[in-house]
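Going by our numbering, the sequence shown opens with residue 271, and the numbers climb by one from there.
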Amino acid sequence: MLTNAAIVLGTFLLMELVAWAVHKYVLHGVLWNIHESHHKPHTHKFELNDVSFVFYGVIAALCFIYGTEALDYRFWVGVGITLYGMAYFLVHDLFIHRRMKLFGKTRNTYLRALDIAHKVHHKTKGRDGSESFGMLWVHPKFFRMAARKR
271 MLTNAAIVLG TFLLMELVAW AVHKYVLHGV LWNIHESHHK PHTHKFELND VSFVFYGVIA
331 ALCFIYGTEA LDYRFWVGVG ITLYGMAYFL VHDLFIHRRM KLFGKTRNTY LRALDIAHKV
391 HHKTKGRDGS ESFGMLWVHP KFFRMAARKR
């Protein structure tokens, strides 16, 4: 049981690194034509960039398909990827971008730092020059900014 929990936690943490690298080098690189929709203002609920979830969903689904019968490491990797996807949806889509009006303003320094880091990322409208590509890890300078704005 501890091994399975470690696999889930390790996969979840690794997903932050994978998401950062894919965001910086793939979405702001060869797949900019898809990700660009996320950097442009719009009034519709969905954007072309939303299809990028399919990539992670397929990997998680394959892990479940091939790991369920034996309940081996593949199943637990699928759980970790799925939990990261849920966290991404809650934090990025619901809290930061307010795709549904579920969250109000927060006094939590970490959540404010996340929000500031993401706003800094979106400040640059083009493919190049952005910073802060992760979702859950926040550079300490954004914590300092969030603490000053309290």
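Ideal placement from N, C-alpha and C gives every residue a C-beta, glycine not left out.
- CA-CA distance, residue 351 to residue 419, rounds to 34 Å.
- The shortest C-alpha to C-alpha distance from residue 312 to any of 408, 403, 367 is the one to 367.
- Of the residues 343, 332, 302, the one whose Cα lies closest to the Cα of residue 278 is 343.
- Residue 338 sits in coil when the DSSP states are folded into three classes, being neither helix nor strand.
- For residue 307, the CB contacts under 6 Å within the same chain, skipping 5 residues up- and downstream, are 317, 318, 319 in chain order.
- Spanning the alpha carbons of residue 298 and residue 315 requires a straight line of approximately 22 Å.
- Close CB contacts of residue 403 within its chain, under the 6 Å cut and outside five residues either way in sequence, are with 290, 293, 294 (chain order).
- When only Cα atoms are considered, residue 274 and residue 336 end up about 16 Å apart.
- Judged by DSSP secondary structure, residue 311 falls outside any alpha helix (DSSP H); it is assigned neither H nor E.
- Residue range 272 to 291 is occupied by the alpha helix (DSSP H) that includes residue 285.
- When DSSP states are grouped into helix, strand and coil, residue 398 belongs to the coil group.
- DSSP places residue 366 outside any alpha helix (DSSP H), giving it a letter other than H or E.
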